[in-house]
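Please read the structure below before turning to the comments.
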Amino acid sequence: MRIHTFDTTLRDGTQGEAISFSVDDKILIARKLDELGIDYIEGGWPGSNPKDKEFFEQARGLKLKHAKLTAFGSTRFAKNSIEDDRNVRELIDAGTPCITIFGKSWDLHVSRALGITENENLTIIAETVRYLKDHGKEVVYDAEHFFDGYINNRDFALRTLEAAKHAGADVLCLCDTNGGTLTSFLAQIVADVRSRFDGIIGIHTHNDSEVAVANALAAIEKGASHVQGCLNGYGERCGNSNLASIIANLELKLGHTTIGPDKLQSLASTCRYIAELANLPLRKDQAYVGQSAFAHKGGVHVSAVMKESSTYEHVSPELVGNHQRVLVSDLSGRSNVLYQLQQQGLADRMTEQARRDLLERVKEMEFQGYDLEAADGTFELFVLQSLQPGVNFFEVESYEVHIKSGHATATVRVNTQNGIRTETASGHGPMNALDVCLRKCLSTIYPRIQDVRLTDYKVRVLDSKKGTAAKVRVLVEWSDHPAHRPEGPLCADQKVRSWSTVGVSDDVIEASWNALVDALRLELMRLTEANASARAVVEVRR
Ligand SMILES: [Zn+2]
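Take 1 as the starting number for the sequence shown in the working numbering and just add one per residue.
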């Protein structure tokens with residue numbers, strides 16, 4: 001069956017605690033949701049704040065290919081006539097083809113929050129829906145607190161739907177506004193509504209009981225065909241239902257059509273894009289689209305997925321635009337190492353014994369507190385060191401750093417193929433000073449290391465109970481991406497990449513230094529590796 005998707009990231013999603021979008025962000029997200037094939041995009045509540053009003057002004061220039069933009073607001077205020085209600089006027093002025101209005105379904109809210117009679121509430125719903133229909137709008141009627149209302153006073157809750165339906169509402173959307181309804185109860189209630197009303201039934205769920213996605217799917221199984229949620233599940237309190245998971249489940253497991261299989265392959269990248277604009281990391285464990293959704297760590301699992309991916313993957317990751325990953329850690333078996341080597345095209349170059357030795361080294365390092373799952377660069381360095389035994393480029397003779405009034409000065413002494421070099425440099429903080437100084441020592445001999453840029457730096461205390469005597473792990477992220485380089489185009493043979501290295505010590509400076517040395521050493525080993533491969537290619541051609 002065709003299920004209509006309704007994304008409310010730009011309205012309900014922005015009510016999430018950490019979420020704030022500028023008008024420009026909202027326009028970009030609306031475009032992206034349209035590209036993904038979402039049917040309705042709820043842009044905001046024009047009557048509630050100037051930013052949303054501005055969004056609808058700007059959105060007039062949006063040429064959406066597929067989606068309908070919808071403005072959100074409440075039924076008219078009890079004391080206002082419909083013509084004089086500012087909120088309703090703003091909804092019409094937003095100029096969208098569709099309007100979503102919410103009305104009260106729960107008698108408690110009617111008597112306590114609004115302080116009006118049940119009949120007055122029914123009149124307000126009917127008048128508002130009819131007025132919007134008379135203005136040529138498609139109307140989605142959001143029955144706020146429908147499930148709580150139904151449980152408290154079924155007859156009244158159903159009469160509110162009747163009022164909206166009779167006035168011409170195109171969709172009756174049942175909302176679990178407080179997110180407290182469990183799936184079996186919700187399914188029964190949707191089935192009852194379905195048996196009493198023709199036309200489109202919608203579902204809008206929140207995740208306060210951690211079952212928002214299950215609730216949405218159950219409602220659809222009971223006959224709803226319009227589903228509201230937010231990609232990434234943003235929203236007030238514990239969030240709205242995660243529309244990305246709903247879409248994937250409907251398409252891949254329940255045989256329904258939403259955005260279709262081609263667009264489904266853009267699901268992961270769309271979720272990442274929205275997270276980027278929200279300035280939040282996409283949750284790694286997010287179902288279907290997260291980085292860890294198809295990541296395998298246990299040795300037994302890895303060995304099996306390499307033979308047949310369905311042994312530990314519920315769907316093929318490519319269907320939603322994600323990909324399989326295999327992590328290397330102390331839980332690894334030989335298969336994890338082999339997988340990584342295959343990814344890097346190095347599997348044939350290492351003997352079985354060398355792979356075993358590499359795995360032992362990984363396990364030993366993890367035991368000491370290194371985290372090689374996150375530090376792909378450190379693992380790659382181990383591999384290259386195993387392939388190029390004895391190649392080292394430089395030895396560190398000594399390093400020191402002094403901090404005076406917040407200003408750091410480092411002195412580094414290294415032994416290189418051109419003899420001993422000693423340099424001094426200052427920087428913003430000890431890590432920066434050491435970084436500048438080590439490059440100064442090496443860059444005249446190896447100019448390419450100037451391309452490597454530090455992009456992120458994280459420190460984690462490993463055994464915090466020991467207080468200041470605890471071990472620390474420093475994870476440093478690097479890139480040779482042009483965006484991180486101040487000067488010059490890339491060399492033609494240079495691959496753009498980012499990687500992480502890790503250092504562990506009782507001393508944060510030493511841990512940082514180890515991660516720094518490994519990153520630069522890795523870059524140099526990559527160059528010789530590339531040269532070795534190039535030589536091998538030439539030799540084969542001859
Ligand atoms: Zn909501």
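Ideal Cβ placement from N, Cα and C applies to all residues, glycine included.
Remember, it's a predicted structure, so these values are computed and weren't measured experimentally.
If you draw a straight line from the Cα of residue 37 to the Cα of residue 5, it is about 9 Å long. Distances from the CA of residue 297 to each of 336, 415, 289 were compared; the closest alpha carbon is that of 336.
In chain order, 245, 293 place their CB closer than 7 Å to the CB of residue 287, counting only its own chain and leaving out the 5 sequence neighbours on each side. Short of 6 Å from the beta carbon of residue 205, and not among the five residues preceding or following it, lie these beta carbons of its own chain, in chain order: 176, 212, 215, 216, 241.
Annotation for residue 159: the continuous alpha helix (DSSP H) segment containing it runs 154 to 166. Looking at the backbone, the Cα of residue 508 and that of residue 383 are separated by about 26 Å.
Within the same chain, Cβ atoms closer than 6 Å to the Cβ of residue 257 are found at 2, the five residues on either side in sequence being excluded. Residue state for residue 513 is assigned as helix, using DSSP reduced to three classes. Of the candidates 405, 111, 411, 359, the residue whose Cα lies closest to the Cα of residue 399 is 411. Taken from the Cβ of residue 175, at least one heavy atom of ligand 1 lies inside 7 Å. Boundaries around residue 185 are those of the alpha helix (DSSP H), 183 to 196, since no beta strand (DSSP E) includes it.
Per DSSP, reduced to three states, the secondary structure at residue 15 is helical. Relative to ligand 1, residue 145 has its C-beta separated by 7 Å or more from all heavy atoms.
For residue 240, the shortest separation between its Cβ and any heavy atom of ligand 1 lies below 7 Å. Residue burial is scored here from C-beta neighbours: residue 16 has at least 16 other C-beta atoms within 10 angstroms and is therefore classed as buried.
With contact defined as three or more Cβ pairs closer than 8 Å, the region 272 to 279 and the region 299 to 314 are not in contact. The C-beta of residue 388 has fewer than 16 other C-beta atoms within 10 Å across all chains shown, which makes the residue exposed. Cβ contact annotation for residue 325 (same chain, cutoff 6 Å, sequence separation greater than five): 295, in chain order.
Using a Cβ distance threshold of 8 Å, residue 99 and residue 70 count as a contacting pair. Within 7 Å of the C-beta of residue 12 there is at least one heavy atom belonging to ligand 1. Nearest to residue 415 by C-alpha distance, out of 401, 397, 449, is 397. Its Cα nearest to that of residue 364, the residue 379 stands out among 379, 351, 390, 350. In its chain, beyond the 5 residues on either side, 238 have a beta carbon closer than 8 Å to the beta carbon of residue 210. Under the three-state reduction of DSSP output, residue 85 falls in the coil class, being neither helix nor strand.
Under the criterion of beta carbons closer than 8 Å, residue 67 and residue 33 qualify as touching, at roughly 6 Å.
Beta-bridge partners of residue 226 (DSSP): 4, 202.
In terms of Cβ geometry, residue 377 and residue 500 form a close pair [threshold 8 Å]. A contact is defined here as three or more CB-CB pairs under 8 Å, and the region 435 to 442 fails this definition with respect to the region 455 to 463. Within 7 Å of the C-beta of residue 109 there is not a single heavy atom belonging to ligand 1.
Taking non-hydrogen atoms of ligand 1 into account, the C-beta of residue 226 is found less than 7 Å away from none of them. Cβ-Cβ separation between residue 53 and residue 90: approximately 7 Å, consistent with a contact (criterion under 8 Å). Check the Cα spacing between residue 328 and each of 340, 505, 255, 277: the tightest is with 340. Counting along the chain, the unbroken alpha helix (DSSP H) around residue 275 starts and ends at 267 to 278. By alpha-carbon distance to residue 172, the top candidate from 146, 92, 253 is 146.
About 10 Å separates the beta carbon of residue 44 from that of residue 30, a gap too long to meet the 8 Å contact definition. For residue 132, the secondary structure class from DSSP, reduced to helix, strand or coil, is helix.
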